[in-house]
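In the working numbering, the protein residues as written are 14 to 171. Scroll down for the structure; my scribbles are underneath it.
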């Protein structure tokens, strides 16, 4: 159904070069093709956020990703930011992530087989729940040295 509220989440995306299952952490970095910027848009239905996130994260137009992939970038400590109509909604650094790239790839590969081209989103900093967007708003997510994704929000089409 229609959403009462949606918010933006700036996320570093890892694009997989070589797939695998149960990838050891010490080998995980060689499985990474590069990185992108993603806006992991999330919606809350009138009953709240979907427990399984299927409805909350899979609407038309959700999860826009930067057009370009950057290879070989050191992502250990980059500025990450989300703005709505130019107002800062999230401001953090990749160094504040819970898991670094190697741990992220190893963790995900223990739960599912990764394939070349898969995209792993690495999580969003604090403030996402306050980064609410409404029709007409322009949300922009950016990561230092990687670029940005700008999205104009409209009413959900039925």
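Glycine included, C-beta positions come from ideal geometry on N, C-alpha and C.
Query raised in the report: Does the beta-carbon distance from residue 34 to residue 117 come in below 7 angstroms?
Result: The answer is no: Cβ separation not under 7 angstroms.
Query raised in the report: Taking DSSP as the reference, what is the three-state secondary structure of residue 54?
Result: Here residue 54 carries a coil assignment [DSSP, helix/strand/coil].
**Report entry** Within 7 angstroms, strictly: CB atoms of residue 89 and residue 95
**Finding:** Contact: no.
Query raised in the report: Can you name the residues that DSSP bridges to residue 93?
Result: DSSP lists 105, 156 as the beta-bridge partner residues of residue 93.
Query raised in the report: Thinking just about the alpha-carbon of each residue, which of 73, 47, 157, 80 is nearest to the one in residue 55?
Result: Cα-wise, what sits closest to residue 55 is 73.
Report task. Could you pull out every residue in the same chain whose Cβ sits closer than 7 angstroms to the Cβ of residue 163, ignoring the five residues on either side in sequence? Result -> Excluding sequence neighbours, residue 163 sits near 151, 153.
Query - Option in 20, 40, 23 with minimal Cα separation from residue 114 - result: Closest by C-alpha distance to residue 114, out of 20, 40, 23, is 40.
**Report entry** residue 143, DSSP secondary structure in three states
**Finding:** If DSSP states are grouped into helix, strand and coil, residue 143 belongs with the helices.
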